[in-house]
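First to last, the protein sequences are chains F and W. With my numbering, the residue at position 98 of the first sequence is 99, and numbering never jumps. With my numbering, the residue at position 49 of the second sequence is 230, and numbering never jumps. Every residue, glycine too, gets a C-beta built ideally from N, C-alpha and C. What you are looking at is a predicted structure, and each value in this text was computed from that prediction instead of being measured. Only one structure is covered here, and it is reproduced in the block below.
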Amino acid sequence: MLRIDAHPTHKYMGFDIRMGKPLPFGATLVPGGVNFSVYSSHARSCELVLFKKHEPRPYATIPFPDQFRIGNVFTMVVFDLDYENIEYGFRMEGPFDPREGHRFDGTKILMDPYAKSIGGRDVWGTDPDWSNPYPHRARVLLDDFDWEEDHPLEIPIEDLIIYELHVRGFTRHPSSAIRHPGTFAGIREKIPYLRELGINCVELMPIHEFDEFENSRISPTTGRRLMNYWGYSNVGFFAPKAGFAATGKFGMQADELKNLIKELHKNGIEIILDVVFNHTAEGNEQGPTISYRGIDNKTYYMLTPDGGYYNFTGCGNTLNCNNPIVRNMILDCLRYWAADYHVDGFRFDLASILGRDQNGAPMHSPPLLETLAFDPILGKCKLIAEAWDAGGLYQVGSFPSWGRWAEWNGKFRDDVRRFLKGDPGLAGAMAQRLQGSPDLYQWQKRGTRASINFVTAHDGFTMMDLVSYNEKHNEANGENNTDGANDNNSWNCGGEGPSADPEVNRLRLKQIKNAVTMLLVSQGTPMILAGDEMGRTQGGNNNAYCQDNETSWLDWRLLGENAELHAYVKGIIRFRRAHPALRSCHHFTSNVAPNGYPDISWHGTGAWACDWSSESRTLAFLLNGENVKGGTANDTFIYVAMNMHWEMHGFELPQLPQGLSWHVAANTDMPAPEDIFESGAEKRIGNPSEFLVGPRSIVVLVGR
Amino acid sequence: MAENISMTCAGGCAKVVLSGRLDALSAPALQEELKKLIGQNIEALVFYANDLEYISSAGLRVIIFAKQKISAEAKVYFIGGREAVVSVLKMSGLDTFMSIQPTYNG
């Protein structure tokens with residue numbers, strides 16, 4: 002059917018135009034032309050500025066006629082544009098009155114906040130032309146895609162094993178031996194590796210367009226250029242980072258990312274995006290004007306009473322998340338990624354900011370978080386909060402959730418690390434962490450689904466560094482080692498940094514196996530930092546956000562060097578996937594099943610007698626395999642003995658029902674291949690009443 | 182027909198010779214050509230790309246269109262493409278449904 006509005010009504014300087022539609026915002030292909038729509042409640046006028054791709058100067062400027070504005074939205078269709086070969090921006094006239102929050106500047110060319118594709122940083126690390134009047138350029142995207150049968154996987158969150166990775170760092174190192182290192186296409190080439198490892202979800206560190214040259218400088222210690230490598234600083238929320246795509250130079254990053262997602266799904270792997278809605282790359286009043294500041298500063302940012310920028314993020318500005326306009330933009334954005342990219346979930350960076358009101362005060366029932374929790378399009382998406390911010394709000398266990406939000410469980414990380422290095426008195430805390438932190442989440446009846454468990458993440462030490470360094474070593478970041486966390490709860494096992502002492506190295510390997518075991522036998526959702534399975538090190542740097550080099554890049558040669566560790570991690574992942582008892586979505590109740598055993602019971606060096614004292618460094622638990630996962634599955638008995646003391650201890654084993662016997666599934670005190678056994682091939686133990694657990698070791702038994 | 186496209190069709194095999202740039206400007210003409218094949222019992226669709234310099238998003242979409250609309254059973258071949266063009270096809274995932282090969286003996 003032909004539309005009767007697909008023809009121009011006006012002409013301007015040779016361009017055929019007509020009034021457009023206000024929704025959707027951004028640039029949309031319509032019959033014969035492109036519909037442009039942009040919101041500003043304070044601009045007096047707006048111009049559309051058109052560039053030929055990569056040309057430094059615009060070839061046309063078309064003012065939005067007054068009669069094309071609806072409410073606070075400027076909207077126009079321009080016909081006969083070569084949409085693949087143009088870039089567009091806006092110029093807005095309005096008041097410049099910083100005390101009132103207005104910072105309009107009619108000379109600036111502004112990026113569309115809804116840009117679906119952004120040029121300007123097409124190839125990672127290519128020096129930009131600093132005189133470019135419009136460095137980050139909105140482009141028109143063909144947003145159709147041949148998804149075939151693809152659909153988000155909707156794996157229950159308690160069954161996920163999340164693998165957090167940086168798109169560039171994962172395959173940039175030459176040792177990755179692939180065709181397109183450092184890109185979405187590169188991850189696709191590594192899907193067989195991910196499958197073999199056994200994870201079923203990748204969480205990508207920020208992939209929205211950002212500027213790797215933001216705050217670029219030279220390291221005082223290495224002389225190398227430091228970059229915004231991590232990308233926790235958005236230029237645009239709707240566009241994938243071009244520099245992460247091998248096809249970025251052709252403007253095809255969206256197709257490449259969608260293809261990666263389709264292939265991940267085909268292989269049973271979900272994808273979660275790390276999204277950064279707390280601030281933008283515009284910084285404070287000293288920062289560049291890219292988009293939001295020049296379009297409607299007062300709407301997009303939290304401003305102090307005298308018009309300055311609140312800085313709850315440590316990054317200069319704070320996005321005004323609970324302003325209704327910004328709230329809608331965030332919702333539009335997440336819906337777009339869920340619907341158009343088939344993304345399975347989101348992890349929200351510094352999510353506590355999303356719960357602050359327009360003056361920065363924490364809200365009881367933040368409308369944005371509630372909207373996301375109940376949104377129909379996001380209804381099956383995982384929503385994961387980093388439940389704190391840089392302004393001092395810490396909400397682990399109290400993040401407003403409506404039963405929908407999960408949290409990065411920072412207490413899990415801290416307690417496991419302290420228990421691991423032999424701090425006394427942690428048996429009680431560890432009992433909570435191992436069963437999905439009911440102390441944090443049960444009061445809201447959130448179950449284990451609220452807890453994303455992790456020992457390491459991009460922030461902080463890698464696993465190898467956690468057992469190799471007592472102190473952070475961030476000198477190469479050029480901030481006098483003042484950046485990055487100080488409370489790492491790490492222990493170097495007897496010498497700072499790389500060691501030639503085989504005893505130290507043996508202990509480090511064992512400690513990593515211990516940490517990974519605690520992570521994978523805990524209720525809740527485990528998250529592994531990419532590379533930890535092969536002993537990736539950052540040389541003690543616990544904040545490598547600016548290190549686009551071997552410090553951050555995964556060195557795939559480690560697979561050979563640390564083959565024993567890699568095999569162990571694979572084995573313990575398989576163990577988790579084979580045992581539904583480890584993946585309950587409900588907290589335990591201590592209810593006794595028909596076989597006479599409670600769902601979980603606590604033990605120590607004595608059976609049924611746990612040492613909860615302030616000197617305790619031992620803990621054991623027994624899971625009853627009968628009627629697990631809310632009565633939907635049956636499993637073996639699982640017994641886990643943890644001895645974080647530096648001396649060996651005998652653990653008296655709880656008695657099994659008649660006819661069953663204990664078998665060793667894992668023993669971190671043993672070298673390969675006695676450290677981990679395949680399901681069904683576990684090794685039967687000789688003495689059914691006691692097991693000697695080595696110093697700083699964990700033993701996992703199955704009763705069958 | 183556009184200058185940089187030529188198509189012949191015989192015995193269930195359609196041969197399309199591409200040259201120059203396949204982008205938003207030239208793609209509609211190719212799409213119109215390909216539409217003529219709908220319902221013609223095409224078994225093989227062969228794109229000769231030896232002289233194709235560049236393929237854009239819009240260009241890729243015409244090839245996907247061909248796969249979707251002409252015949253689900255038709256085999257699609259992409260012959261003689263330059264490295265730069267072929268790598269775009271692969272990275273955007275088109276290699277999963279068509280055979281990319283240096284020559285065609287059909």
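- Identification of chain W residues near F/E85 by a Cβ-Cβ cut-off of 7 angstroms yields D204, A205, S237, S238 and A239, ordered along the chain.
- Every unbroken stretch of the alpha helix (DSSP H) spanning 4 or more residues and falling wholly within the segment 162–192 of chain F is given here in chain order: 168–172 and 185–190.
- Contact between the segment 618–634 of chain F and the segment 587–595 of chain F is present: three or more C-beta pairs spanning the two stretches fall below 8 angstroms.
- Interface with chain F (7 angstroms Cβ-Cβ cutoff): W/V257 is excluded.
- Counting C-beta atoms within 10 angstroms of its own C-beta, F/E675 has fewer than 16 neighbours from the protein chains shown and is therefore classed as exposed.
- DSSP, read as helix, strand or coil, puts W/M272 in helix.
- When CB distances to chain W are screened at a threshold of 9 angstroms, the residues of the segment 185–213 of chain F falling below it are F185, A186 and R189, in chain order.
- F/D98 has F/H103 as its beta-bridge partners, per DSSP.
- DSSP places F/F347 in the uninterrupted beta strand (DSSP E) bounded by G346 to F349.
- Counting along the chain, the unbroken beta strand (DSSP E) around F/E204 starts and ends at C202 to L205.
- The C-beta of W/S273 comes closer than 7 angstroms to at least one C-beta of chain F.
- Chain W has no Cβ within less than 7 angstroms of the Cβ of F/D424.
- Annotated as proximal: F/W554 and F/H174, with beta-carbon spacing under 7 angstroms.
- Taken atom to atom, the span from the alpha-carbon of W/P283 to that of W/G261 is near 4 angstroms.
- Here the segment 686–703 of chain F lies against the segment 661–674 of chain F, with 3 or more beta-carbon pairs under 8 angstroms apart.
- By the C-beta density criterion, F/R507 is exposed, having fewer than 16 other C-beta atoms within 10 angstroms.
- For F/C611 and F/S602, the gap between their C-alpha atoms comes out near 9 angstroms.
- Below the 7 angstroms Cβ cutoff, chain W contributes M272 as neighbours of F/H181, in chain order.
- Judged by DSSP secondary structure, F/L510 falls within the alpha helix (DSSP H) whose first and last residues are P503 to L521.
- The beta carbon of F/D307 sits closer than 7 angstroms to those of R100, all from its chain and outside the five residues before and after it, given in chain order.
- For F/N318, the CB contacts under 8 angstroms within the same chain, skipping 5 residues up- and downstream, are H280, T281, E283, G284, N285, G288, Y302, M303, Y310, Y311 and N312 in chain order.
- Rounded to the nearest whole angstrom, the CA to CA distance from F/R509 to F/I192 is 29 angstroms.
- Taking 3 residues as the minimum length, the beta strand (DSSP E) runs contained wholly in the segment 234–284 of chain W are 256–260 and 280–282, in order along the chain.
- Taking the C-beta atoms as reference points, F/E159 is found nearer than 7 angstroms to F/R450.
- Close to W/I245, with beta-carbon spacing below 7 angstroms, are these residues of chain F in chain order: D147.
- Taken through DSSP and simplified to helix, strand or coil, F/W338 comes out as helix.
- Counting only runs that start and end inside the segment 26–103 of chain F, the beta strand (DSSP E) elements of at least 3 residues fall at 27–31, 34–40, 46–53, 61–64, 74–80 and 87–94.
- In the three-state reduction of the DSSP assignment, F/R618 falls in the coil class, being assigned neither a helical nor a strand state.
- Shown here, F/M253 sits in coil according to DSSP, grouped into three states, outside any helix or strand.
- Of all alpha-carbon atoms in F/A240, F/Q359, F/L195 and F/W403, the one lying nearest the alpha-carbon of F/D376 is that of F/W403.
- For F/M645, the closest Cβ of chain W is not nearer than 7 angstroms.
- Beta-bridge analysis with DSSP links F/A486 to no other residue.
- Taking the beta carbon of F/T248 as reference, the chain W residues within 7 angstroms of it are V269, M272 and S273, listed in sequence order.
- When Cβ-Cβ separations below 7 angstroms define contact, F/N260 makes contact with chain W.
- W/T277 counts as exposed, since fewer than 16 other C-beta atoms from the protein chains shown sit within 10 angstroms of its C-beta.
- The DSSP-derived three-state label of F/H152 is coil.
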